[in-house]
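First comes the structure, then the notes that go with it.
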Amino acid sequence: MGKLRNAVAIADAGREGEVRFFGEVDASATNMRRVLERIANRFDRVHFCYEAGPTGYGLYRLIRSLGHECTVVAPSLIPRKAGDRVKTNRRDAVSLARLLRAGELTAVWVPD
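Numbering (my numbering), first residue to last: 8 to 119.
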């Protein structure tokens with residue numbers, strides 16, 4: 008998650024489901040709400056996640072207020088392939104979507 012923009016990726020259900028980049032979205036609450044609702048309306052079940060960072064837990068609270076599951080992920084505990092040094096928002100979003108679907112992410116505690 009960036010301070011000004013959030014990269015969004017979607018992983019379809021099942022091992023063979025497609026993982027695709029959805030786009031970069033302005034991080035304002037209004038725009039994020041619109042995108043979250045758009046995604047939720049297209050799928051039967053949604054579960055969102057993002058990397059913990061300096062922006063706090065506002066996005067987590069927004070997602071939960073809309074009635075969806077959300078996992079805040081510890082960046083230091085995200086599995087990485089050996090030698091994978093290229094880090095972009097797009098690649099990170101796709102990787103997080105894939106890892107969330109596989110159940111390989113470690114959540115951080117979110118304060119009340």
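Each residue gets a CB set at the ideal place from its N, CA and C atoms; glycine is no exception. This one's a predicted model, so the numbers in the text were calculated from it and none came from an experiment.
G30 is bridged by DSSP to V15. Per the coordinates, the alpha-carbon of W116 lies some 31 Å from the alpha-carbon of E23. In this structure I17 is in contact with A104, their Cβ atoms being roughly 6 Å apart against a cut-off of 8 Å.
Short of 7 Å from the beta carbon of A81, and not among the five residues preceding or following it, lie these beta carbons of its own chain, in chain order: A59, T113, V115. Here R87 is exposed: its Cβ has fewer than 16 other Cβ atoms, across all protein chains shown, within 10 Å.
Taking each of F28, F29, L43 in turn and checking the Cα distance to S35, the smallest one comes out for L43. When the beta-carbon positions are compared, V53 and G30 stay at least 8 Å from each other. In its chain, beyond the 5 residues on either side, L43, A47, V53, H54, F55 have a beta carbon closer than 8 Å to the beta carbon of H75.
Excluding sequence positions up to five before and after K10, its CB lies within less than 8 Å of the CB of A34, P61, T62, all in the same chain and listed in chain order.
If you look at T113, you'll find it isn't in any beta strand (DSSP E); DSSP assigns it neither H nor E.
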